[in-house]
Structures are given as C-alpha cells and as structure tokens.
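Participant: Following this message is one structure expressed as structure tokens.
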Amino acid sequence: MSKSIKTWAVLLTAALVFQVFSFLVPQQAKAEGNIYYVATTGNDNNSGSKDEPFLTIQKAMDVASPGDTVYIRGGTYYITSPITITKSGEAGKPITLAAYPGETPVIDGQNKYPDFNFATYTYNGQTYEHSWEPLIKILASHIVVDGLEITRSYGKGIEAGNVTGEIRYSDITVKNCKIHHNWATALEFEHLDNSLADNNEIWQNNIFAPFDRRPEDVRWPVILLIATCSHTTVQNNKIYNNWGEAIGIWSNFRTPSQISKYITVQDNEVFDNYAVEIYIDHGAYVTVQRNLVYKTGDTTFYRDGAPCAGILISDELYGDGTPPVGHHRKIINNFAKGNLSNIAYWYQGVEGSALNNDLIAHNTLVDAYNDGIYIAAADHINTRIENNIIKQSSGNLVRTEQDPELHFSHNCWSGSVSGIASSANDVIGDPKLTGGALGENYFKLKSDSPCIGAGKEITSDVPYDYFNNLRSDPDIGAHEYNGSSPTPTPVMLFSDDFEDGYANGWTTNYGTFSVVNDGSNKAYYSSESVGGANSYAGESTWDDYTVEAKIKVDSWEGTNSRAGIVARRQNSSNYYHMFYSKSDSKISIYKLQGANHTLLASSNVIPAPSTGVYHTYKFEVSGNILKAYLDGQLMATATDDTFTTGNIACYTHFQKAFFDDIKVEGQGVSPEPDYLFKEAESYDSKLGDLIALNSTTVGASGDAYVGWTQNNDYLVFSNIDLSKIDSVETRTATIYDDSTIEFRAGSPTGTLLGIINVPNTGSWAAVDKWATASAEFSDASGIQDIYVVFKRSGSGVADIDWIKFYLNSDTPVSGNLLANPGFESGSEDWDLWENASIVTNNAYSGSRCVRIGTGIGGFSHSTITSGVYENTNYYIEAWGKADSGNNIYVYVDCRNSSGTTIQSFTMPIFNSTSYVKNSLQFTTPAGTTQIAVWTWKNGTSGYVYMDDFLLRQD
C-alpha cells in the first residue's frame, strides 16, 4: 500500500479570497460544437467540412453557432469588405475563428480595402487618408480570434465592439495574431467587458502617414486601443515600429460611468513607436505591470527629433461634454529605458485631472531622453512614488511640482535630488544594474547593489517582482535580487498506487470506478463509457499543486472519447480539467462552471496516445496559471482565476480507462481568512475628550488615525456579528511597554473578547512608526457593539490606525458577484436614482455607504451576468438602517437574455434605526441569464442608509 494525504497551510502576506460553490445536482460537460473549415480552394456552396470547405470566412461565420469552431486553412484571403461577425457565442461556448493548426492564413486588404468611411488630412499640399473600417469587425459577444495574420488593410486590422456605445459586448479574445502594415489601428476594443488581447505581434500600423508631424497637422490613431472597456487585459504582446500610440486606454466622456476601468496591461514588450508607448488617458483602476518599455535608438520613429514617452498618464481634453478623470492607477514592476520620460503625468487642463490615489512603485527607469520621472502641476491627491530606481547619465532624474500630496519615499536616484522628491530613506548613487545587451536581464541588480533590501515594505501592494518572484525583504526597483519563486519546495499531499486493493479516500461522483488487477499491478478502472465519469479525492483547501496520473486505454472508443484529470474541483459542476480528446486530437484545458464548459487552452493536433500502455498526464495549477503536460511535454497553458482551491479527480468521457500512480505535490498555500476592516477613525461613537480625529493629527505617511488616547477611553464599532469573529489584529504606535487594548462586547465592562498587548514602537504615529499585533477572540454570539478600550496605568496609551476582525472559515463572505459592494469606490457599478448619494458618514464598515433622502428614491447595481445560471441557488445579504417611519425595500429580479424579468424576489424590509443585516435565499427560474439588484425608499422625509451587499451562489 502507498497512500498518504497531508493538509498544510502557510499564511499569505496579502489576503486571498475563497470562492464558495455548493451545487448538489451533478451536471455533465457538453461535447464541443461543430467544426467548419475555410480554404482558398473551397466553395461557399459546400458543407464546410474538412473535405468540402467554404471559400469565404464570412460564409463560415454566418453558419457558425455557439460552441462552434471555424478553422481557416493556410493561404492568402483577399478581402474587399469587412468580415463582420454579428452572431454571438454563449458563456462557455464561444464561436472561435482560428488558424488551422500548423498553418498561417493571411487576411489581406491589398492596401485598398475597406474602401469607404475615410479620414482625410491635407498637409503641405499633400492629401493623406485611411478608412475607419476594419478587415474583421466583431459586433457580438463570446468570440475568439486565434492565430490569424492581418495585413494591408486600408483601415483597421480588427475592431471589436460598438463604437457608439449603444450596445456593449463582452468576452472577446484576440490572441496569437500577427497584425502589420495596416493603414490605421491594428486592434481596437470599444465598449467591451471581460475581454483579452494576448500574445499578438503588432508592427508597422498607421502607415497612412509614416513621417514626423504634429497632431494638429495629421493625427494618428492608437495602435492597440482599449476604449471605454471594463475588466479587460492586454498581455504578452510585442508592439513595435508603429506610427502612433502603441497601447492606449481611452474613454468616452458623456458620463463618468463610461470611463475605462479595471484594465490590466502586463507582460508586454513595447518599443520604438511614434507617439506614446503605453498611455492611460481617462482610466480608472488601471494596472500597468511587468512591461518592458524601451527605445533602441532608431530615430525613424522620433517625434520632433526626440523619442516618445514611455508610460504616460493624462486626461486629454477633446470633444464635447465633461470628461471623466482617471484615478487609482498602479504603475508597478516595469523596466523602461531611453523614452522621452520613462514615466510621466501630463496635465491637459481638464478639471479634476491629477494623480489621484495612484501608485508608482518598484519600477526600474534608466536613461530617459529628458526626465526619469515627470509630473506636471495639478491638484494631486494621495499618490505614492516608492521603491523606484531612477538612473540618468544626462537629463533630469525628476521634474515635479512641490506638492505635499505626492509622497516620494525609498527611491534610488543615481544623483542627488531635492525638495518633495527627496526622502531620508533614499539611496543615492549607482544602483549597479547588470547591463549588457538591452533586454530583461539588463535591468537586474548585481549582487553588490545598494538597492538590495533597501525598499519600503509594500508587499501588500506589490507582492511579486518583474519576474514573478516573491518579495520578502523588498529591494528597490522591479527586480528582487533575492526574490524567491512563488512556488515553494513541493510537498507530497497525496499519493495512491492502489496496491492495497482498495480505493480508500476516493468517492465516485458519476460512472463506475473500482480497483482491478492490471497484469502484475493494480489500477483504478473507469469501466463505464458514460459522459463525464469521475471519481474524486483529496482536500477542498488545496490551492497551488500538481496532480499527476498514469492513464492507459485499451482502445479509443469513439469520436467524443476523452481521458484525463481534474484539479481545483469545487464540486461536481465546478472545476478545471485537462484531457486528451479524440474529437479534435488535442490535449485541452477546460473549465466547467455550472452548466458552462469553457475551453481555456489546447495543444496543436497530436497523435492519439498509444493504446495498451500507460502515459503520464500532469496538470499544474499555480495562482491563475494552468499547465497541461503529456509524458513530460508541456502541451497547453491557460490563464484563469475562477477557482482558487479544490481537490482532484480521475475523469473519462465515453471512454474506459485505467488510472495508476496518482500523486499530488503541493506548490502553494491556503488562503488567509477574510476579515472585516475598520479604520480607527470610522468609529460609531467614542469616550474620551482627548481622542482626536486626524484632521489635526496626521502621521508622516499621511494616513488618518486616532490619537491622544487615555486610560479607559474607548471606541465603539456597532452591530458586529460576534459569532463570525475568530481573532483581531491592530496597527498601533506607542512609546510605552505596558499599553493594552481590550475588546469587549456590549459595553466598556462587558464580556472580554480579547486583549492585545500593544508593541512599543519607540515613538508615536506622527513619525510614521507603526507595529501590528493580534489576539484570539473568545467564543461569543449575536450581533453586538464591540468596545475597543484603551488601558494603561499612566498617562497616554496608544495611537491606532486600523482594526481587522478576522472571520472564521464558516463565514461565507467571498465569491461576491456584486462589484464595489461596500461603495468604497463611490458609485462605480451602481446607478443612483432620485435622492440617492454616496456619503462618507454612517457607513456600516469602511468609509462610504449609500444614503437616500430626504424624499423617496433608490439605486440599482449594474446588471449581473457573470456567474448567473438558471435553476441555481443564490444568497443575498445587505446591511441597512432607516430613520423612524422609513422603510427600505431590496428587490432581486431574475431576467432572461432579453432583459425581461421572469421572477422577482424581495428581501425582508429594513426599518431599524440602527444597522441590521437582512438576507434572502432564492433559486433562479429556468431561462435566467441576468440578475438585477435594486432598492427603494418609500418615506418622504428622513434618511436611510445601505452598505455591504453580498450576492453569491449558495
């Protein structure tokens, strides 16, 4: 017998989030859709089969339905009008337009098509023009374009989305494409949600006017444009030698809700473009990380005799209306060299434009043409510039206004700086980079770099470096010299070779599995050819690991037969799996989420694994990276973060198979518990004349806190569910050794829940000296007020910044389908109706909530589609309170794909004058694809308050 199982956990430095699913009815994966073929030798009167392909791509896309794939055979397809995709796929069943494996189809506009909708410019007596139309136009959702070459368009290469914004589409993926020598934009995403541009090579676009000019003479489109999108990622692309802005995040500005938001630009190589390399123009919650942004010295693409900016933030003034301004942008872990300014903020006169709660950290910036960092004057707000290397052989290290809202700290400057940019924790001198040939290794630290270990501890914001190594004792710059791999030494979590003759620890979910003799060995046999047969084992808390199994089939039984393994199995209808499929002769990685079966990645076509012998299947899940191997060879890699934990399973589909020598090696850690976060200054009430809010007492970091506490002073946080609290953590400062903080239920002398011994930090918070400490909570129940009581025999106790109440593992606080559930991002993702507004007082937790009053009114969340399934159980909760005589009603509408309400549910009425939590469990009816959550206040006087919504699958 060889069986072992081990559960382990290591505390993360930043909280990870559990996703909780508990479907009770097994649902089987559906087979893939139809496959159609297009070839230059085809005919549109054909069937579209491999032997009878269509001639035109348009014909194939008109025929394709959700779940279908259109393979384009190699050759050149001369296009005279845009290929227009108007039929949508479905969640888990996209329509895929892809290159036939191993072949390269070329979509060619012949430098004259599309031949309508022109932009025309006259400059120095010469006329320049291009079309605004693309070779491929996507006006649909759930579409994948994979592996095409797009060239010689008289306009754009690919355009996805509705330019006017009247309709929003979602779930568009463009990957593995080569887009070049087009007269305008290469790839444009407009008014899209949940979309991806991945691993594309893009060069020589906007070639309609390939010469140096001013924008007022001849303008230039953006090369890869993300316009008024949300939850969209641009990654792994190589973009160079284009006559425009390489990557541009742009927004319409008719209403603030139309700003581009939740955009990620990562792992791209961007160089030698004409206008800007990476440009955030009117963007919110944008992350630009791990990009290589540089100039080679090729003056062909210089503008006004100089290279363009590297990473640029601005809010340009153009068009009509009041533009929304950007905020909450993170520029982290980038390598940049030789740009006009390596990182810059440019003020264009738009009211409210500024650096606003932005973070510029852990970047390595070398030899900018003018400025390492340039920040124009504006009314900046709470922006940190920390842990950056700025090295200049000439030019300016930094140009910035002396604005106290710009917080420079722990930067390495190759020469001295003064004013606001200088801090006592800076490193002045040569950062000692590796150098050599320009590339990623150029920017690495040498072993004697003074930047090693000299950084500020901000791992909660930037836990990894450019190379995805963990930061422990942070270095300055994008490279962590002693950074460790996020993959710790593997630990054997589970193994089974079935030689004891038993299947202990295994549970068959569907099909028939048993231990059998297989020659001289024993194996676990799936003996029934049914769809979605599986048997599972292991722990639901496993997160990062590798599962490996030897699998043998005696014969491949049919066109739909599969065999493989499952990882991060949440339950019978939520997991990842990798398998070989006879239907397409590929190793594939799929996600099953409810009724949706989504292809995440697949290999090229391969020969079927030989019958009668064992082959080693391995499935690696680490963070959001999923990798599938066959016999030691990497076959497919996918990126997805839907499931973070779960056990394993053996899997077959209309196929009998033997499984043996199954093992699981752990490569990660278990998530840290969720917590309820309270800023100290957000207390509901207090005792003590000497407790002062930080409008007058502000630490060196600029953080608000509560100070001047004395013995028996207290803060009160109301209506906390004590049954959910396991422990508490505080961030404090004091000069004493005997300060304590007591946590009591109901009153300052009520039941003692826990005591924190406050660490002596040697100074008060005014010089930015903080320490954290924690304590276990005793068992308690009920929703009560928590009194935070300061104790010390002498004068003065402690300054306190924040409190984290850690929630026990049975508390279902995660998997929230609602964005911005506590209104901490203002009205993002919410529509405020009559008399509704975001306020910074009376919040249940955090610093914001919604207030309605004094008249009638309400608000609603933007319609939820992601994670919504028919015939599925859901749970919703919210906190609310109302002035006397007022009621708050919360409604949940289940809608079909047309937006028509099928069934509506109502939560219990809120009418308490103090915060209470109400909840509702409901089941979506057949046909549900959307959920709408909205509220209404009926009183004509007084106010009501709502906070902390949660909607999840139950």
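Read in order, the letters of the sequence shown correspond to residues -31 to -1, 1 to 923 in mature numbering (1 follows the signal peptide of the UniProt record, and there is no 0).
Heads up, the beta-carbon is just placed ideally off N, CA and C, and yes, glycines get one too.
1) Looking only at C-alpha atoms, which of Val113, Gly134, Arg272, Lys207 sits nearest to Pro184?
2) With a threshold of 6 angstroms on Cβ separation, who are the neighbours of Lys147 within its own chain once the five nearest residues in sequence on each side are excluded?
3) Hey, could you find the ends of the alpha helix (DSSP H) Ile26 is sitting in?
4) So Leu603 is in the beta strand (DSSP E); what residue range does that whole segment cover?
5) Three or more beta-carbon pairs under 8 angstroms between the stretch 61 to 70 and the stretch 38 to 49, yes or no?
6) Which of the three DSSP states, helix, strand or coil, is assigned to Gln227?
7) Work out the CA separation of Pro400 and Lys413 for me, nearest whole Å.
8) For Lys144, I'd like the list of residues in its chain whose CB is within less than 8 angstroms of its CB, leaving aside the five on either flank, ordered along the chain.
9) Taking the alpha carbon of Asp487 as the reference point, which residue from Ser816, Val499, Ser572, Ile520 has its own alpha carbon closest?
10) So, is Ala330 buried or exposed, given that buried needs 16 or more other C-beta atoms within 10 angstroms?
11) Expressed to the nearest angstrom, what Euclidean distance is found between the alpha-carbon atoms of Ile358 and Asp140?
12) With DSSP as the reference, identify every bridge partner of Ser378, one or two as the case may be.
13) Roughly how many angstroms separate the alpha carbons of Glu846 and Ala714, rounded to a whole number?
14) The beta strand (DSSP E) that contains His297, what's its start and end?
15) With 16 other CB atoms within 10 Å as the buried threshold, where does Gly71 fall?
16) Name the DSSP beta bridge partners of Asn307, please?
17) Taking Cβ positions, are Leu286 and Gly318 nearer each other than 7 angstroms?
18) Whole angstroms are fine: how far does the CA of Asp768 sit from the CA of Ala570?
19) Taking the straight line between their C-alpha atoms, what separation do you get for Val(-15) and Leu920?
20) Along the chain, where does the beta strand (DSSP E) containing Leu787 start, and where does it finish?
21) Given a cut-off of 7 angstroms, decide if Gly824 and Thr882 are closer than it, judged by their beta-carbon atoms.
22) Tell me residue 926's beta-bridge partners as DSSP assigns them.
23) With 16 other CB atoms within 10 Å as the buried threshold, where does Thr120 fall?
24) Since Met461 is in the beta strand (DSSP E), which residue starts that stretch and which ends it?
25) State the Cα-Cα distance for the pair Gly668 and Thr730, rounded to the nearest angstrom.
26) Note the first and the last residue of the continuous beta strand (DSSP E) segment covering Cys818.
27) Cβ of Asn237 within 7 angstroms of Cβ of Asn260?
28) Please report the distance separating the alpha-carbon of Phe774 from that of Ile218.
29) Cα separation between Asn163 and Arg188?
30) Go ahead and label Ala393 buried or exposed: buried means 16 or more other beta carbons lie within 10 angstroms of its beta carbon, across all protein chains shown.
31) Assuming Ser687 and Asp754 form a contact by the criterion Cβ under 8 angstroms, report the distance between their Cβ atoms to the nearest whole angstrom.
32) Start and end of the beta strand (DSSP E) containing Lys491?
33) If contacts are defined as beta-carbon pairs under 8 angstroms, then Val766 and Thr678 qualify, I think. What distance do you get, rounded to the angstrom?
34) Could you tell me if Phe891 is buried or exposed, where buried requires 16 or more neighbouring beta carbons within 10 angstroms of its beta carbon?
35) What span of residues does the beta strand (DSSP E) with Ile694 cover, start to end?
36) Which ranges would you report for the beta strand (DSSP E) in the stretch 877 to 902 if only whole runs of at least 3 residues count?
Facilitator: Reading it off the structure:
1) Arg272
2) Glu118, Glu170
3) 26 to 32
4) 602 to 608
5) yes
6) helix
7) 10 angstroms
8) Val113, Val114, Asp115, Gly116, Leu165, Ala166, Asp167, Asn168, Asn169
9) Ile520
10) buried
11) 37 angstroms
12) Glu355
13) 24 angstroms
14) 296 to 301
15) exposed
16) This sequence places Gly at residue 307; Asn is not what is there. Its beta-bridge partners do not exist; DSSP assigns none.
17) yes
18) 52 angstroms
19) In this prediction, Val(-15) has a pLDDT of 27, which is less than 50 and means its spatial position is unreliable; nothing more can be read from the coordinates.
20) Per DSSP, Leu787 belongs to no beta strand (DSSP E) and is neither H nor E.
21) no
22) The chain is shown only over -31 to 923; residue 926 falls outside these bounds and no answer can be derived.
23) buried
24) 460 to 465
25) Legend: pLDDT at Gly668 = 40, less than 50; position of this residue unreliable, no value from coordinates given.
26) 818 to 822
27) yes
28) 38 angstroms
29) 30 angstroms
30) exposed
31) 5 angstroms
32) 490 to 495
33) 4 angstroms
34) buried
35) 694 to 702
36) 885 to 892
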